[in-house]
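Engineer: Numbering (full-length UniProt numbering) for the sequence shown: 1 to 112. We put the CB at the ideal spot given by N, CA and C, even for glycine. No experiment lies behind these values; they were computed from the predicted model shown.
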Amino acid sequence: MTYVVTDACVKCKYTDCVDVCPVDCFREGPNFLVIDPDECIDCTLCVAECPVEAIYAEDDVPADQQAYIQINAELSRNPAWTPIVEKKDPLPDHDQWSTVKNKLPHLDRNGA
């Protein structure tokens, strides 16, 4: 089983999770992070680090966010989404977006 970044990360992009990842499985886009399912070793370390609770085990992804399983897999293979291995500041307007729901239309699929 792999872990999946979901809706709460869109337009926030906290990166606390990347600091604890032992295999560098996170990929960075302009306003979202994804987990490469081929690299993830299911260690669970990232889950507790996410301040907006955006990371779930694949089997536990909420029903209304199942699309993010495929989104993580797809975008992690996009060469424009590069590995991120060090913590960065969240996006400038992260506070405004941290409690917004249904942010999929705001997901920027272009490269970082």
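Out of curiosity, what's the CA-to-CA distance linking glutamate 74 and aspartate 95?
Structural biologist: Numbered from its first residue, the sequence shown carries residue 74 at position 74. Numbered from its first residue, the sequence shown carries residue 95 at position 95. Roughly 27 Å separates the two Cα atoms.
Engineer: When you compare only the Cα positions, how much space is there between proline 83 and lysine 103?
Structural biologist: In the sequence shown, counting from the first residue as 1, residue 83 sits at position 83. In the sequence shown, counting from the first residue as 1, residue 103 sits at position 103. The straight-line gap from Cα to Cα measures roughly 23 Å.
Engineer: With 16 other CB atoms within 10 Å as the buried threshold, where does aspartate 2 fall?
Structural biologist: Here residue 2 refers to the residue found at position 2 of the sequence shown. Going by the sequence as given, residue 2 is threonine instead of aspartate. Looking at its Cβ environment, which holds 16 or more other Cβ atoms inside 10 Å, threonine 2 is buried.
Engineer: Considering only residues of the UniProt domain "4Fe-4S ferredoxin-type" (1-30), which uninterrupted alpha helix (DSSP H) runs meet the minimum length of 4 residues and lie entirely inside it, listed in chain order?
Structural biologist: If we require 4 residues or more, the alpha helix (DSSP H) runs fully inside the UniProt domain "4Fe-4S ferredoxin-type" (1-30) come out as 16-20.
Engineer: If you draw a straight line from the alpha carbon of cysteine 46 to that of arginine 109, how long is it in whole angstroms?
Structural biologist: Here residue 46 refers to the residue found at position 46 of the sequence shown. Here residue 109 refers to the residue found at position 109 of the sequence shown. Roughly 22 Å separates the two Cα atoms.
Engineer: Could you tell me whether the Cβ atoms of valine 23 and serine 98 are closer together than 7 Å?
Structural biologist: By 1-based counting over the sequence shown, the position of residue 23 is 23. By 1-based counting over the sequence shown, the position of residue 98 is 98. Their beta carbons are not under 7 Å apart, which means valine 23 does not touch serine 98 by this criterion.
Engineer: Please state whether DSSP places alanine 54 in a helix, a strand or coil.
Structural biologist: Numbered from 1 along the sequence shown, position 54 holds the residue referred to as residue 54. DSSP places alanine 54 in coil when its eight states are reduced to three.
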